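Reading through the structure tokens given below for one structure.
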Ligand SMILES: [Zn+2]
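Numbering (this note's numbering), first residue to last: -3 to 389.
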């Protein structure tokens, strides 16, 4: 599928050569935007939870209120813990191991109350300047950040507990995001992509919730410029996934590939991750977790103004290169490499390994132990193998 002119491609190649970045790229897809050339989907106003299409599969009685996440964790398993802490801080939480009867009520990501109807779903979210601030990342359980093109990154946000009412801007998928979604078994919501980007979604058997093929459940926010204005709710992704999940044998996982627990390691107040000459992500420890910044600017939710607060940060070093054929970025997420972990003010180096697209990524300490994470939001920063990542003391 050729969606840009040969001349444009040549100038992109020249631009790519000029860039001496870790990851040359060209922003080709962000410039063309899969939506720009497709007027048919411009006035998408499919309305979310009220949509008739959602009604049969998403009765109002099942959908939990969005503020459910703010409720305190169940107290049965944590005697002696003050019940008045709102919101629960991962730093102060004295978390017990979930008991078998808590299986369906205590979230293995956050340890907050979890509605079993809320299965894991993934959404591809844009991170160009025009896409900021994003909506809904603040409610995700796990967020991956990886480079797309031109030194610009993109997110794959995983929602487990949340019934987040507005997630976006939703953009096109990349093949490595399909590999991540497969590992989690998550239906993946996105807005198109090149044929080679979408192919892994099909070959890996994922439930594909592609707005370009079927716009139900997505809508455009007219206060923002296209194509940076496409949104979806977590429950609409779930509804769409339920319609088509019969054709997929992939089942979303119900717990992360790490254990909840504490570390005894080197302290660090944060981490600085240099993605390229124009893009740096930092995390600084504050009360309740790590505050995330992009190029020195605090990363906030567009809807609430809340700053993103990560409980855990995993930096995954992965071989990355630009394909000569079409300048798409290739990131090897099957294989192994270095990793860096931060939680509760501790900094540790370790490794990751993933043996197939279907298998989970194993994150281990230098002793070979599965890493421990605090309850709360986890950010997985996929970076090139030679990226500069340094602790903030
Ligand atoms: Zn959950």
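Backbone N, C-alpha and C define an ideal beta-carbon position, used for all residues, glycine too. Just so we're clear, the structure is a prediction, and the values are computed from it rather than from any experiment.
Inter-residue Cα distance where the pair is residue i and residue j
{"i": "residue 335", "j": "residue 349", "result": "10 angstroms"}
{"i": "residue 84", "j": "residue 353", "result": "At residue 84, the pLDDT of 32 sits below 50, so the modelled position is not reliable and the matter cannot be decided from this model."}
{"i": "residue 133", "j": "residue 302", "result": "10 angstroms"}
{"i": "residue 315", "j": "residue 276", "result": "19 angstroms"}
{"i": "residue 377", "j": "residue 331", "result": "16 angstroms"}
{"i": "residue 247", "j": "residue 182", "result": "7 angstroms"}
{"i": "residue 224", "j": "residue 364", "result": "42 angstroms"}
{"i": "residue 107", "j": "residue 321", "result": "45 angstroms"}
{"i": "residue 142", "j": "residue 161", "result": "24 angstroms"}
{"i": "residue 136", "j": "residue 371", "result": "13 angstroms"}
{"i": "residue 343", "j": "residue 367", "result": "12 angstroms"}
{"i": "residue 190", "j": "residue 157", "result": "31 angstroms"}
{"i": "residue 103", "j": "residue 357", "result": "20 angstroms"}
{"i": "residue 288", "j": "residue 294", "result": "6 angstroms"}
{"i": "residue 327", "j": "residue 286", "result": "26 angstroms"}
{"i": "residue 110", "j": "residue 239", "result": "23 angstroms"}
{"i": "residue 69", "j": "residue 388", "result": "Interpretation of residue 69 is limited by its pLDDT of 34, a score under 50 that renders its predicted location unreliable; the figure taken from the coordinates is listed afterwards. Distance between the alpha carbons of residue 69 and residue 388 is about 31 angstroms."}
{"i": "residue 130", "j": "residue 207", "result": "18 angstroms"}
{"i": "residue 159", "j": "residue 259", "result": "31 angstroms"}
{"i": "residue 128", "j": "residue 252", "result": "28 angstroms"}
{"i": "residue 164", "j": "residue 220", "result": "12 angstroms"}
{"i": "residue 236", "j": "residue 304", "result": "28 angstroms"}
{"i": "residue 416", "j": "residue 153", "result": "Residue numbering for the chain in the displayed model covers -3 to 389; residue 416 lies beyond these limits and cannot be assessed."}
{"i": "residue 369", "j": "residue 299", "result": "28 angstroms"}
{"i": "residue 151", "j": "residue 284", "result": "23 angstroms"}
{"i": "residue 217", "j": "residue 115", "result": "26 angstroms"}
{"i": "residue 359", "j": "residue 211", "result": "36 angstroms"}
{"i": "residue 198", "j": "residue 355", "result": "17 angstroms"}
{"i": "residue 261", "j": "residue 345", "result": "10 angstroms"}
{"i": "residue 22", "j": "residue 351", "result": "Because residue 22 carries a pLDDT of 32, less than 50, the predicted location of this residue cannot be relied on, and the following value inherits that uncertainty. The alpha-carbon atoms of residue 22 and residue 351 are separated by roughly 31 angstroms."}
{"i": "residue 296", "j": "residue 222", "result": "21 angstroms"}
{"i": "residue 144", "j": "residue 329", "result": "14 angstroms"}
{"i": "residue 341", "j": "residue 292", "result": "20 angstroms"}
Beta carbon proximity, residue i to chain C, threshold 7 angstroms
{"i": "residue 239", "result": "Here chain C cannot be found, since the structure has a single protein chain."}
Best match in the options for proximity to residue i [C-alpha to C-alpha]
{"i": "residue 347", "options": "361, 355, 151", "result": "361"}
{"i": "residue 266", "options": "292, 281, 232, 325", "result": "281"}
{"i": "residue 339", "options": "382, 317, 128, 263", "result": "263"}
{"i": "residue 383", "options": "359, 333, 165, 172", "result": "333"}
{"i": "residue 155", "options": "144, 124, 170, 113", "result": "113"}
{"i": "residue 386", "options": "149, 337, 351", "result": "337"}
{"i": "residue 324", "options": "115, 163, 168, 306", "result": "168"}
{"i": "residue 122", "options": "105, 341, 115, 187", "result": "187"}
{"i": "residue 317", "options": "105, 172, 125", "result": "172"}
{"i": "residue 290", "options": "299, 300, 268", "result": "268"}
{"i": "residue 125", "options": "115, 105, 149", "result": "149"}
{"i": "residue 105", "options": "292, 257, 296", "result": "257"}
Residue range of the unbroken alpha helix (DSSP H) whose run includes residue i
{"i": "residue 105", "result": "Segment: none, residue 105 is in no alpha helix (DSSP H) and carries neither H nor E."}
{"i": "residue 280", "result": "No alpha helix (DSSP H) contains residue 280, which is instead part of the beta strand (DSSP E) from 275 to 282."}
{"i": "residue 320", "result": "Per DSSP, residue 320 belongs to no alpha helix (DSSP H) and is neither H nor E."}
{"i": "residue 352", "result": "First-last for residue 352: undefined, no H or E at that position."}
{"i": "residue 175", "result": "171 to 180"}
{"i": "residue 299", "result": "Run containing residue 299: none; DSSP gives neither H nor E here."}
{"i": "residue 246", "result": "It is not in any alpha helix (DSSP H) - residue 246 carries neither H nor E in the DSSP assignment."}
{"i": "residue 195", "result": "191 to 199"}
7 angstroms Cβ cutoff met for residue i and residue j
{"i": "residue 274", "j": "residue 147", "result": "yes"}
{"i": "residue 214", "j": "residue 202", "result": "no"}
{"i": "residue 180", "j": "residue 249", "result": "yes"}
{"i": "residue 230", "j": "residue 196", "result": "no"}
{"i": "residue 205", "j": "residue 177", "result": "no"}
{"i": "residue 375", "j": "residue 139", "result": "yes"}
{"i": "residue 309", "j": "residue 271", "result": "no"}
{"i": "residue 255", "j": "residue 311", "result": "no"}
{"i": "residue 209", "j": "residue 193", "result": "no"}
{"i": "residue 373", "j": "residue 306", "result": "yes"}
{"i": "residue 166", "j": "residue 228", "result": "yes"}
{"i": "residue 313", "j": "residue 381", "result": "yes"}
First through last residue of the beta strand (DSSP E) which encompasses residue i
{"i": "residue 413", "result": "Lying before the first or after the last residue shown, residue 413 is absent from the chain, which here runs from -3 to 389."}
{"i": "residue 239", "result": "First-last for residue 239: 230 to 240, but that is the alpha helix (DSSP H), not the beta strand (DSSP E)."}
{"i": "residue 121", "result": "117 to 122"}
{"i": "residue 376", "result": "374 to 380"}
{"i": "residue 184", "result": "184 to 186"}
{"i": "residue 266", "result": "266 to 272"}
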